[in-house]
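Engineer:
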Amino acid sequence: MAVKVAFIGAGSVGFTRRLVRDMLSVPELQDTHFAFHDISARNLDMVLKLCAKDIQANHLPARLARHLDRRAALDGADYVINCSRIGGLEAFQFDIDIPLKYGVDQCVGDTLCAGGIMYGQRNVPQILAFVQDMKAVSASDVLFLNYANPMAMNTWAALDALAAGKGVQTVGLCHGVEGGWVQIDMALAHLHQDEQIGWHERARRVERTQIVCAGINHQTWYIDVIYKGRHVGSQELLEAFTRHKDLARTEKVRIDMLRRFGCYTTESNGHVSEYVPWYRKRPAEIRRWIDLSTWINGETGGYLRVCTEGRRWFETDFSKWLTEAGKPITAQERSSEHGSWIIEARETGRTYRGHFNVRNGGIITNLAPDCIVEAPGFVDRHGINMVSGLTLPLACAATCEASIHVQRMAKEAAVHGDAELLKQALLHDPLAGAVCNPPEIWQMADEMLVAQARWLPQYVASGAVAQARRRLVAGPRVKLRRWSGAARLRVRTVGELRRKKAASVLVADKAAAARARMKAS
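Residues in the sequence shown are numbered consecutively from 5, following the working numbering.
Written out as structure tokens, the structure reads:
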């Protein structure tokens, strides 16, 4: 019998389509029943048209359905994939702009710091609602695959519901480990003058470079690296990164932490810089640690900018995207996103090894047992089975524990609408606490609660939003900054994006032609 896979937040058009194509590259999953849910009918229609054309052009038996009603989408689902963004880009704008008034400069703002904590306040109540609906109408053994950030808070809340007897099986999924693994292989190959392996050539990379990664989402550490059959020490890895011209320029924060901690960390330079108290607290020093060639390397509000540009571009060029849809679905183009691999392993018994976000409970010995860790595991017909007994270097564990305490407080605040606990979480956040004093934290929290009230029903119900509004009106107010951040770039027009893409294609075509000439000679 065909499996049913439901998507919550299916209007994340590119990501939903990527996962659908991944699943359809597996012969046993080509008759899957996909159910798309979103609160936006327009976005649902767009993703449905793109995926329908892919399915029809490849002559596959898969079925598609769109639902504005969430329970209808979840009814009978064997797997539920969450890629929702509660509050959309409007709420995201507040996550970035309000903290800037208080001197808090974020690159991404979706996992920790002021933006990530507030994102969790919007997400966690909805996660609990998703879980309640799955429990009521989905298959009895449904697996909830959460891709939405803040990963640890969302997964923690869902697993708390499971522990209370009213939840479902849950795993958090992120591609950060894969990205850093590619960089490690690239750096070591450059150091030893070996062939570079392409991003999508996963099977070849597995043969040459193996890694064990452990920590918490977006603060996971490569605690063991094997290259061509031998273990690689931290000094060799540091030499590899510092000698690689591009990585040495784009990954300054990660390389500095590798130098001081002895381990490379998974997440991008921009992500990592906002999870710790050292690299973004002094405005004059921020540019020293980042690179503006790509948003992910540390640009102020970089992820918000590219999301805004991408949404505008997609809406403008949707007809062109639809015309180009329907390309062959092949195993070679399958991405490294965990979702399709987990579903394949559970349905076929073919073992898959990945890194997953689950409750700790002894998986990592020197992190809190109740927290959500990201660590190696194996999937087959028996489910997800984690490797236990891993131990982090003390500095890595200390960095994770600082974030874990913030995650725990923020998750509980979101569940109960507890504004005092929310402010305490912000106060203990590594970057917010490095930049702001307590009165500034308290006022920043009030301002964010009021601005985002429409997505925070638990804080409206508890009276916290009304109290925050009264305090903001009455004062006294702490002094605010007129500041757009240390490294903010403007949002580009659709025309500018088209021209940049055309130029990139031209450069790539010239490079491919040059490689072809070299092979021919």
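Yeah, the Cβ is synthetic: ideal placement off N, Cα and C, and Gly gets one too. From a predicted model like this one, the values you see are computed outputs, not experimental measurements.
1) When the Cα atoms are used, what is the spatial distance from Gly237 to His386?
2) Could you compute how far the alpha carbon of Thr270 sits from the alpha carbon of Ala478?
3) Closest by CA to Gly124, which one among Ala161, Gly183, Ala406, Ile227?
4) Less than 8 Å between C-beta atoms, sequence neighbours within five positions excluded: which residues of the same chain meet that for Leu132?
5) DSSP state of Gln125, grouped into three classes?
6) Between which two residues does the alpha helix (DSSP H) carrying Val276 extend?
7) Of all the options Asn273, Met157, Phe322, which has the alpha carbon lying nearest to the alpha carbon of Lys53?
8) So who's on the other strand from Thr224, going by DSSP bridges?
9) For Tyr268 and Thr355, I'd like the C-alpha separation in whole angstroms.
10) Could you say if the stretch 60-70 and the stretch 87-107 meet the contact criterion of at least three C-beta pairs nearer than 8 Å?
11) In terms of alpha-carbon separation, which member of Pro480, Ala465, Ala457 lies closest to Asp99?
12) Taking buried to mean at least 16 other C-beta atoms within 10 Å of its own C-beta, is Trp345 buried or exposed?
13) Is there contact here, the stretch 299-312 with the stretch 483-496, by at least three beta-carbon pairs under 8 Å?
14) Which residue comes first and which comes last in the alpha helix (DSSP H) that contains Glu378?
15) I need the DSSP call for Ala152, collapsed to helix, strand or coil.
16) State yes or no: is the C-beta of Ala468 within less than 8 Å of the C-beta of Leu484?
17) For Ile230, count neighbouring Cβ atoms within 10 angstroms of its own Cβ and tell me buried if that reaches 16, exposed if not.
18) Would you kindly report the start and end of the unbroken beta strand (DSSP E) that includes Met452?
19) Is there contact between the stretch 421-431 and the stretch 284-294, where contact requires at least three CB pairs shorter than 8 Å?
20) Checking 8 Å against the spacing of the C-beta atoms, do His342 and Cys217 come in under that value?
21) Which two residues bound the contiguous alpha helix (DSSP H) that contains Val3?
22) Should Met5 go down as buried or exposed, given a rule of 16 or more other Cβ atoms within 10 Å for buried?
23) Mark Thr174 as exposed unless 16 or more other C-beta atoms lie within 10 angstroms of its C-beta, in which case mark it buried.
24) If I measure Cβ to Cβ from Asp250 and keep anything under 6 Å in the same chain, skipping five residues before and after, which residues do I get?
25) With distances taken from CA atoms, which of Ala414, Ile368, Val410, Val377 is nearest Leu394?
26) Report yes or no: do the stretch 146-155 and the stretch 81-88 share at least 3 C-beta pairs separated by less than 8 Å?
27) Measure the alpha-carbon distance for Arg291 versus Asn389 and round it to whole angstroms.
28) Return the chain-ordered ranges of every alpha helix (DSSP H) run that is complete within the stretch 66-106 and spans a minimum of 4 residues.
29) Please report the straight-line C-alpha distance between Gly314 and Glu211, rounded to a whole angstrom.
30) Val310 to Glu444, Cα distance in whole Å?
31) Secondary structure at Tyr283, three-state DSSP: helix, strand or coil?
32) Does DSSP classify His420 as helix, strand or coil?
33) Trp317: buried (16+ other C-beta within 10 angstroms of its C-beta) or exposed?
34) Tell me whether Asn158 is buried or exposed, calling it buried when 16 or more other Cβ atoms sit within 10 Å of its Cβ.
35) Compare the C-alpha of Glu328 against each of Gly13, Arg46, Ala56 and name the closest.
36) Given a threshold of 16 other Cβ atoms within 10 Å of its Cβ, counted over all protein chains shown, does Asp145 qualify as buried or as exposed?
Structural biologist: To lay it out plainly:
1) 35 Å
2) 45 Å
3) Ala161
4) Ala161, Ala162, Ala165, Val419
5) helix
6) 273-277
7) Phe322
8) Gly219
9) 27 Å
10) no
11) Ala457
12) buried
13) yes
14) Where Glu378 is concerned, there is no enclosing alpha helix (DSSP H), although the beta strand (DSSP E) it sits in stretches over 376-384.
15) coil
16) no
17) exposed
18) Not the beta strand (DSSP E): Met452 falls in the alpha helix (DSSP H), residues 442-455.
19) no
20) no
21) Given a span of 5 to 525 for the chain in the structure shown, any question on residue 3 remains unanswerable.
22) exposed
23) buried
24) none
25) Ile368
26) yes
27) 42 Å
28) 74-78, 92-105
29) 35 Å
30) 29 Å
31) coil
32) helix
33) buried
34) buried
35) Ala56
36) exposed
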